[in-house]
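Data block below; observations after.
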Amino acid sequence: MNWARAVAVVLVLGATTAWGATLTWDADSAPDLAGYRVYQCSQQPCTKSSGTASLLATLGTVTSFNIGTPSATQYYFITAYDFSNNESSPSNLATFTPAGAPPPVALPAIGASPTSLSFTATQGATPATQTLSISNTGGGTLSWTASDNAAWLSLSSASGTGNGAVTLTATTGTLAAGSYSGTVTLNAAGASPITVPVTLTVATAPVQPAIGASPTHLSFVATQGGASPSAQTLNISNTGGGTLSWTASDNAAWLSLSSASGTGNGALTLSATAGTLTVGSHSTTVTLNAAGASSVTVPVTFNITAAPPTSAAPSAPPNSTAESKRTPHQRRTVKPVWDSDRGSSSCKIVQRG
Numbered sequence: 014m015n016w017a018r019a020v021a022v023v024l025v026l027g028a029t030t031a032w033g034a035t036l037t038w039d040a041d042s043a044p045d046l047a048g049y050r051v052y053q054c055s056q057q058p059c060t061k062s063s064g065t066a067s068l069l070a071t072l073g074t075v076t077s078f079n080i081g082t083p084s085a086t087q088y089y090f091i092t093a094y095d096f097s098n099n100e101s102s103p104s105n106l107a108t109f110t111p112a113g114a115p116p117p118v119a120l121p122a123i124g125a126s127p128t129s130l131s132f133t134a135t136q137g138a139t140p141a142t143q144t145l146s147i148s149n150t151g152g153g154t155l156s157w158t159a160s161d162n163a164a165w166l167s168l169s170s171a172s173g174t175g176n177g178a179v180t181l182t183a184t185t186g187t188l189a190a191g192s193y194s195g196t197v198t199l200n201a202a203g204a205s206p207i208t209v210p211v212t213l214t215v216a217t218a219p220v221q222p223a224i225g226a227s228p229t230h231l232s233f234v235a236t237q238g239g240a241s242p243s244a245q246t247l248n249i250s251n252t253g254g255g256t257l258s259w260t261a262s263d264n265a266a267w268l269s270l271s272s273a274s275g276t277g278n279g280a281l282t283l284s285a286t287a288g289t290l291t292v293g294s295h296s297t298t299v300t301l302n303a304a305g306a307s308s309v310t311v312p313v314t315f316n317i318t319a320a321p322p323t324s325a326a327p328s329a330p331p332n333s334t335a336e337s338k339r340t341p342h343q344r345r346t347v348k349p350v351w352d353s354d355r356g357s358s359s360c361k362i363v364q365r366g
């Protein structure tokens, strides 16, 4: 017999004036059946787990039991047991109400759905919330409270009346990878408490991609108004895990990139154009971004130097014009001249060709 299952009996309550009330049930056909146990409750819920049920009788394989004539309303159920004293789950509930007695007060009972909850997340992540539905499966009015015993678990509400729902949130925070257990306990006046197991499985977080850039700084030099400098290469690599899908951008009109995006390891060609830039140092950055990775900025400088001054032709020495006109074959002679008015003489140079 599968002793985890409910006992396959039908509990019937009959009463006569002379003999009182009698419980009867269908016999169980299990070959290892040893007998039955009869339990009695004076209130609901009538269960062993709630502590309201007391053992009334332990029987053999008979299929009836006389309960006499109780003066107040009573509740009964039976279980089957084998020769190893394994006990089945309870049968259906039978109620005895004596003549003239007021009808029994229907007590509330807590229903919870689902009966267990499970969360799964990676380290540092928060899984989706889950809902625990609460219902009154008995009578009367159900005024319930809810509590948990795990620091990583929180409830949207701590109490309610009648049917309701509680949203459960699990937070991994700094939890290490592994499995964690907690419970949500539901209580209500007149009802048996309900515990709902909750598990949280934390998986090791995957290694995120990381951007590597080499070199970490680039510098261009050019002469004002002159030719643009040679292009340079910026190498990009994934120094983390996963897949690196990167984008690249700059914020200078004088700088251009060969590509704006890529996947995995790659290279960018940077070209600087002097154009009409003034003499001095000009700065910008190349910014690299990727999902799941910290951005990286690479400084770029462009130094523009002044053009050298233009060389001028050397000036001619005094009287060089007349001298330069003399041919190699020309001769010069000195001829004395007498000035009769002044009574003096002077020299005169005569050039002969």
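This note's numbering puts the first residue of the sequence shown at 14, with every later residue one more than the last. In this text, a Cβ means the ideal position worked out from N, Cα and C, and glycines have one as well.
Return the chain-ordered list of same chain residues with a C-beta closer than 6 Å to the C-beta of residue i, the five sequence neighbours on each side being excluded.
i, result
"Thr135", "Ala216, Ala218"
"Ala122", "Pro58, Thr150, Gly151, Ala204"
"Ser167", "Thr182"
"Thr212", "Ser131, Ser194"
"Ser160", "Thr198"
"Asn302", "Thr260, Ser308"
"Thr110", "Thr86"
"His295", "Phe315"
"Gly177", "Ile147"
"Thr8", "Examination of residue 8 is not possible in this model, given that the chain is present from 14 through 366 alone."
"Ala163", "Gly195"
Secondary structure at residue i, three-state DSSP: helix, strand or coil?
i, result
"Trp165", "coil"
"Val309", "strand"
"Gln56", "coil"
"Asp263", "strand"
"Leu270", "strand"
"Val292", "coil"
"Ser42", "coil"
"Gly33", "strand"
"Thr297", "strand"
"Thr314", "strand"
"Ala137", "Per the sequence shown, the amino acid found at residue 137 is Gly instead of Ala. Note: Gly137 maps to coil in three-state DSSP."
"Gly152", "coil"
"Ser67", "strand"
"Ala303", "strand"
"Ala244", "coil"
"Thr144", "strand"
"Ser62", "coil"
"Gly254", "coil"
"Thr286", "coil"
Only counting the same chain, and skipping five residues up and downstream in sequence, which positions put a Cβ closer than 7 Å to that of residue i?
i, result
"Ser279", "What sits at residue 279 in the sequence shown is Gly, not Ser. Here the set comprises Ile249."
"Ala21", "With a pLDDT of only 39 at Ala21, under 50, the local geometry of the prediction cannot be trusted, and the value read off the model is given with reservation. The answer, listed in chain order, is Asp41."
"Thr142", "Thr180, Leu181, Thr182"
"Gly137", "Thr185, Ala218"
"Ala266", "none"
"Asn200", "Trp157, Thr158, Pro206"
"Pro140", "Phe132, Thr133, Ala134, Ala183"
"Phe96", "Asp45, Ala47"
"Thr297", "Asp263, Asn264, Ala265, Leu268, Val313"
Find the nearest neighbour of residue i within the set the options, judged by alpha-carbon distance.
i, options, result
"Phe78", "Asn105, Ala85, Leu69, Ser84", "Leu69"
"Ala125", "Ser101, Ala93, Thr158", "Thr158"
"Thr261", "Val292, Gly293, Ala235, Val299", "Inspection of the sequence shows that residue 261 is occupied by Ala rather than by Thr. Among Val292, Gly293, Ala235, Val299, the Cα nearest to that of Ala261 is on Val299."
"Gly175", "Thr198, Ala202, Ser55, Thr185", "Ala202"
"Pro44", "Thr74, Tyr193, Gly177", "Thr74"
"Thr246", "Thr256, Thr291, Thr252, Ser232", "Ser232"
"Ala190", "Thr133, Ser62, Ser307, Val211", "Thr133"
"Gln221", "Gly255, Val209, Ser241", "Gly255"
"Ile91", "Pro111, Gln53, Gly64", "Gln53"
"Pro242", "Gly177, Asn316, Ser63", "Asn316"
"Ala66", "Tyr88, Thr76, Ala163", "Tyr88"
"Val209", "Pro111, Ser146, Thr108", "Ser146"
"Ser192", "Asn302, Thr282, Trp165", "Trp165"
"Ala287", "Thr214, Ala226, Leu268, Ser172", "Leu268"
"Pro127", "Ser97, Ser272, Thr196", "Thr196"
"Ser169", "Ala285, Thr144, Ala112", "Thr144"
"Thr214", "Leu188, Thr310, Asn98, Ser84", "Leu188"
"Leu106", "Thr297, Tyr94, Ala112, Thr60", "Thr60"
"Ala112", "Thr310, Ser84, Asn99, Ala93", "Ser84"
Is the CB-CB distance between residue i and residue j below 8 Å?
i, j, result
"Arg50", "Thr71", "yes"
"Ala304", "Ser258", "yes"
"Pro322", "His230", "no"
"Asn264", "Ala223", "no"
"Thr37", "Thr76", "yes"
"Gly153", "Ile80", "no"
"Thr270", "Leu290", "With the sequence shown as reference, residue 270 is identified as Leu, and Thr is not the correct amino acid for it. For Leu270 and Leu290, no; Cβs fall outside 8 Å."
"Leu155", "Gln56", "no"
"Leu281", "Ser274", "no"
Output yes if chain D places a C-beta closer than 8 Å to the C-beta of residue i; else output no.
i, result
"Gly113", "The structure shown contains no chain D; it is built from a single protein chain."
Whose C-beta lies closer than 8 Å to the C-beta of residue i among residues of the same chain, with five residues either side of it excluded?
i, result
"Thr318", "Val234, Ala235, Thr236, Gln237, Val292"
"Ser307", "Ala223, Ile224"
"Ser129", "Val209, Pro210, Val211, Thr212"
Taking 7 Å as the cut-off, does the CB of residue i come closer than this to any heavy atom belonging to the ligand COA?
i, result
"Phe109", "Annotation note on the ligand COA: not contained in the displayed structure, which lists no ligands."
Can you list the beta strand (DSSP E) stretches of 3 or more residues lying completely in the region 159-242, in chain order?
166-168, 172-174, 177-183, 191-201, 207-216, 224-227, 231-236
Could you pull out every unbroken alpha helix (DSSP H) segment of at least 4 residues lying fully inside the region 70-127, listed in chain order?
none
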